[in-house]
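Notes follow the structure.
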Amino acid sequence: MTDQQIQSGKSTEGMVDYNENSSAQLQLVLLLSPLVRNLVSSMDEPETEFKIVDYGCGPGINSIEMVKPAIETSLEKFGDQPIVVCHSDQVGNDWNTLFELVEGPAGYSHISNNIRTEAAIGSFYDQVASPASVSIGTCIFASHWLSQGIQLYSPETVWFADLEGDARLTVNRIAQNDWTHFLLQRAQELRSGGYLVVGTLGSVPDPSETNGIAASGRGIYHAIQAVAKAMVDDSLISHESLGSFLFSLWFMTDDEAKYALEQNDDLRNAFEICQISVEPAPIKADDIFKEHIDDPDTYAEKYVGYIRAFADSTLRTQLFSPNCNNSELLDQLMVEFYNRLSKLYVSETSKYACEIWHLTVVLRRK
Ligand SMILES: C[S@@+](CC[C@H](N)C(=O)[O-])C[C@H]1O[C@@H](n2cnc3c(N)ncnc32)[C@H](O)[C@@H]1O
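Okay, so the sequence shown: first residue is 466 according to this note's numbering, each after it adds one.
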């Protein structure tokens, strides 16, 4: 591998059939809800309004479920204090769906007349809210996306955990810079005494792995690699397009998550670390769809839906589009890819299971 690296575009844009295919994200949201309640109930009353920001909110119900415990606890504790809920994501997010849900029966707008909802459109690697305005910020299954799409020559793999040598160092450096930058922005936005809760995919030490760590989701990235490689072998896509494609992701270990907070003076001065941990998901940690293992068709359908929900736009724009000159061909390639992925899951089932370790970071703004 070389360390030649060109950054381009955004790492994600849009999610497909998100609500139906994001049960793993919802599991973490529900797990963190009691923590969010405790944090809010321990806070002092803000001067003007109680502002909640959900960074990388996505289009679905999970963002609503994430902010609800903060809303409810704020109402219990601070009574009539106005509440501002800000959903933050990129321009390509399905905002209409999100705001229909906010107003709908599962939403939160009916809980009180005192809630104002906002959208902050742009990258969470930039400023999203006014300085010292945020009482609690949450960020679920989102901060593992790097700030930009990465093109890096890595013919053997489509994801960070199997990179070796200079290529791994290059992406590691980008990931650490991004994490530092993300935290510096949040340090500006949180008010003193406010909290940041980040829940995302993590990695754990594993001496049997190439780089000595096992990263969440390794099965699904190996499945994507296997299918894309077979499409190269069948001359459906070029060797070069697969060789230069990499998901712009990094799932940190607890030490990697701590590093910036310990080494960067501004971050050390800004935050008290309340929790940094990586734990197996409390249920189905070894296979997010294990309940379907005896029914391979359903098992495959679940995995393809899950992968499509988070990866479709990345695969479309960064892997497949360089192989075709019109949108019809691109759609055909995508269909071919998902058909092959489905067949792989039907035949191999748990060989490509998705394991999950949750990285939880809880910080208090000093
Ligand atoms: C897997 S979804 C998670 C959505 C939601 N938090 C949940 O738990 O269901 C990841 C989200 O992060 C957003 N995202 C990724 N990079 C981002 C960035 N740099 N700035 C803002 N949002 C980003 C994506 O657009 C996407 O909506």
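Glycine included, every Cβ here is placed at the ideal spot set by N, Cα and C.
Mapping the DSSP letters down to three states, classify residue i as helix, strand or coil.
i, result
"Pro-670", "strand"
"Phe-802", "helix"
"Asp-752", "coil"
"Ser-525", "It is worth fixing the name first, because residue 525 is Gly in this sequence and not Ser. Of the three classes helix, strand and coil, the one that applies to Gly-525 here is coil, per DSSP."
"Tyr-810", "helix"
"Trp-624", "coil"
"Phe-589", "coil"
"Trp-715", "coil"
"Gln-613", "coil"
"Leu-701", "coil"
"Thr-467", "Residue placement at Thr-467 is flagged as unreliable, the pLDDT there being 34, under the threshold of 50; the coordinate-derived value follows with that caveat. Coil at Thr-467, not helix or strand."
"Ser-851", "Within the shown structure, residues of the chain are numbered from 466 to 831, placing residue 851 beyond reach of any answer."
"Gly-474", "Because Gly-474 carries a pLDDT of 43, less than 50, the predicted location of this residue cannot be relied on, and no value is offered for it."
"Val-430", "Examination of residue 430 is not possible in this model, given that the chain is present from 466 through 831 alone."
"Ser-619", "coil"
"Ser-657", "strand"
"Asp-891", "No answer is possible for residue 891: the residues shown for the chain start at 466 and end at 831."
"Tyr-573", "coil"
"Met-696", "helix"
Count the other CB atoms, across all protein chains shown, that sit within 10 Å of the CB of residue i; report buried if there are 16 or more and exposed otherwise.
i, result
"Ser-507", "exposed"
"Gln-527", "Strictly speaking, residue 527 in this sequence is Asn, with Gln absent from that position. Per the 10 Å Cβ criterion, buried."
"Thr-675", "exposed"
"Ile-601", "buried"
"Thr-513", "exposed"
"Ser-473", "Caution is warranted here: a pLDDT of 37 is assigned to Ser-473, below 50, making its placement in the model unreliable, and no coordinate value can be reported."
"Gly-677", "exposed"
"Gly-682", "buried"
"His-609", "buried"
"Thr-779", "buried"
"Ala-594", "buried"
"Ile-548", "buried"
"His-823", "buried"
"Leu-794", "exposed"
"Asn-790", "exposed"
"Glu-629", "exposed"
Quick one: what's residue i bridged to in DSSP?
i, result
"Lys-516", "Val-549"
"His-823", "Leu-666 and Glu-744"
"Glu-583", "Cys-551"
"Cys-604", "Tyr-520 and Val-663"
"Phe-736", "Arg-830"
"Ala-679", "Val-669"
"Val-599", "Leu-655"
"Phe-710", "Gln-616"
Nearest to residue i by CA position, among the options, is which residue?
i, options, result
"Gly-525", "Ala-535, Leu-732 and Ser-553", "Ser-553"
"Tyr-520", "Thr-675, Ala-746 and Val-663", "Val-663"
"Ser-488", "Lys-755, Phe-736, Met-799 and Leu-707", "Lys-755"
"Leu-707", "Glu-654, Leu-784, Ser-673 and Gly-572", "Leu-784"
"Gly-614", "Trp-624, Val-532, Lys-816 and Ala-652", "Trp-624"
"Glu-801", "Ala-695, Asn-486 and Asp-720", "Ala-695"
"Leu-666", "Ala-680, Ser-673 and Gln-653", "Ala-680"
"Leu-493", "Ala-746, Leu-701 and Tyr-764", "Ala-746"
"Leu-828", "Glu-727, Glu-793 and Glu-705", "Glu-727"
"Ile-748", "Ile-576, Asn-729 and Gln-490", "Gln-490"
"Leu-714", "Ala-776, Asp-509, Leu-809 and Arg-830", "Ala-776"
"Glu-510", "Thr-763, Asp-627 and Arg-656", "Arg-656"
"Ile-639", "Glu-654, Asn-790 and Gln-616", "Gln-616"
"Pro-596", "Lys-767, Gln-653 and Gly-544", "Gln-653"
Between residue i and chain B, is the shortest Cβ-Cβ distance under 8 Å, so that the two count as touching?
i, result
"Leu-809", "Considering every chain present, this structure includes no chain B. It has just one protein chain."
When you compare the stretch 577-587 with the stretch 636-646, are there three or more beta-carbon pairs, one atom per stretch, that lie closer than 8 Å?
no
Three or more C-beta pairs below 8 Å linking the stretch 651-669 and the stretch 782-798
no
Is it true that the stretch 805-815 meets the stretch 729-742, where meeting means three or more beta-carbon pairs spaced less than 8 Å apart?
Contact fails between the stretch 805-815 and the stretch 729-742, because fewer than three Cβ pairs, one in each stretch, are under 8 Å apart.
Three-pair Cβ contact test at 8 Å for the stretch 622-640 versus the stretch 560-569:
no
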